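As you go down the protein sequences, you meet chains E and L in turn.
Reminder that position 77 of the first sequence reads as 191 in my numbering, one-by-one numbering, no gaps.
Reminder that position 112 of the second sequence reads as 120 in my numbering, one-by-one numbering, no gaps.
Even for Gly, the Cβ is constructed at its ideal location relative to N, Cα and C.
Small disclaimer: the values here were computed from a predicted structure and weren't measured.
The next block holds one structure in the form of structure tokens; read it before the comments.
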Amino acid sequence: GESVGLHLPTLSVQEGDNSIINCAYSNSASDYFIWYKQESGKGPQFIIDIRSNMDKRQGQRVTVLLNKTVKHLSLQIAATQPGDSAVYFCAENGEYSSASKIIFGSGTRLSIRP
Amino acid sequence: GAVVSQHPSRVICKSGTSVKIECRSLDFQATTMFWYRQFPKQSLMLMATSNEGSKATYEQGVEKDKFLINHASLTLSTLTVTSAHPEDSSFYICSARGTGEGQPQHFGDGTRLSIL
């Protein structure tokens with residue numbers, strides 16, 4: 115069946131350094147991918163998304179890269195700050211429509227060293 | 009920006025009790041809402057898709073008679089955990105997406121359910 119997984123369950127980064135969180139997906143038909151940030155006791159917060167017809171998309175301090183050949187997705191956070199500490203999930207949406215469901219990966223916990 | 013509100017944020021009750029959780033889209037209309045369950049240190053698992061004016065679509069392994077979903081309006085979906093037991097204790101999260109293409113899915117802040 116469909117699955118979205120992550121390479122690393124935890125990531126520790128020095129404050130100010132860049133963070134890279136990786137994700138692998140198995141459904142080659144996936145059309146739309148999203149990165150979410152979840153802080154303790156809260157729901158997921160949308161960070162950035164990318165459609166399958168793109169390789170890269172940039173936001174404020176974040177960049178998502180999509181490699182469809184190897185079915186790999188990454189989230190890059192520039193100049194990591196203490197407020198970036200959270201669990202990050204990649205998610206896959208089979209169809210780019212309002213009714214289609216989102217499948218979450220297992221998550222990576224990002225911790226920031228002072 | 010778009011906001012999804014869940015109520016209550018936390019509930020503690022005795023085994024056998026039925027618990028209702030509300031999910032509201034505050035500034036947009038949502039034809040479709042989604043209900044997830046998240047156990048500690050795990051990912052979000054989709055339970056069901058809630059469709060306004062029609063029956064919910066449940067994921068495999070989710071008991072529809074146990075988890076009753078009602079989506080009576082474009083801004084409100086409810087999840088009722090019937091005859092809850094300790095194994096139903098979890099973090100329940102809803103999400104909603106506005107109608108039309110290109111609308112991101114917004115999540116509520118979850119409901120922590122603890123069954124004693």
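Provide the residue(s) that pair with residue i in DSSP beta bridges, ordered along the chain.
| i | result |
| --- | --- |
| Glu30 (chain L) | L:His15 and L:Thr86 |
| Ala205 (chain E) | E:Ile148 and E:Phe218 |
| Arg237 (chain E) | Summary: the structure shown does not reach residue 237 (chain E), with chain E confined to residues 115 through 228, and so no result is reported for it. |
| Ala200 (chain E) | E:Leu224 |
| Ala104 (chain L) | L:Met41 and L:His114 |
| Leu76 (chain L) | L:Thr88 |
| Ile20 (chain L) | L:Ser122 |
Are the CB atoms of residue j and residue i within a distance shorter than 9 Å?
| i | j | result |
| --- | --- | --- |
| Val27 (chain L) | Leu124 (chain L) | no |
| Thr86 (chain L) | Ala92 (chain L) | no |
| Phe103 (chain L) | Ile216 (chain E) | Residue identity differs from the one stated: residue 103 (chain L) is Ser in this sequence, not Phe. Yes. |
| Leu180 (chain E) | Tyr202 (chain E) | no |
| Gly155 (chain E) | Asp96 (chain L) | no |
| Cys21 (chain L) | Leu84 (chain L) | no |
| Ser51 (chain L) | Phe218 (chain E) | yes |
| Ser166 (chain E) | Ser144 (chain E) | yes |
Following the continuous beta strand (DSSP E) through residue i, name the residue where it begins and the one where it ends.
| i | result |
| --- | --- |
| His114 (chain L) | Gln113 to Phe115 |
| Met53 (chain L) | Met53 to Asn59 |
| His186 (chain E) | His186 to Ile191 |
| Gln231 (chain E) | Only positions 115 to 228 of chain E appear in this structure, which leaves residue 231 (chain E) out of reach. |
Could you work out which residue in the options is closest to residue i when comparing CA atoms only?
| i | options | result |
| --- | --- | --- |
| Leu187 (chain E) | E:Ile148, E:Ser126 and E:Pro228 | E:Ile148 |
| Asp131 (chain E) | E:Thr194, E:Thr183 and E:Lys151 | E:Thr194 |
| Tyr100 (chain L) | L:Thr107, L:Asn59, L:Ser23 and L:Phe75 | L:Phe75 |
| Ala192 (chain E) | E:Asn207, E:Thr183, E:Cys204 and E:Val176 | E:Val176 |
Any heavy atom of the ligand HEM closer than 8 Å to the beta-carbon of residue i?
| i | result |
| --- | --- |
| Asp198 (chain E) | With respect to the ligand HEM, the structure offers nothing, as it holds no ligand at all. |
Check whether the region 147–166 of chain E touches the region 32–41 of chain L, counting contact only when three or more Cβ pairs, one atom from each stretch, lie closer than 8 Å.
Two segments are said to touch when three or more pairs of C-beta atoms, one from each, lie closer than 8 Å; by this definition the region 147–166 of chain E does not touch the region 32–41 of chain L.
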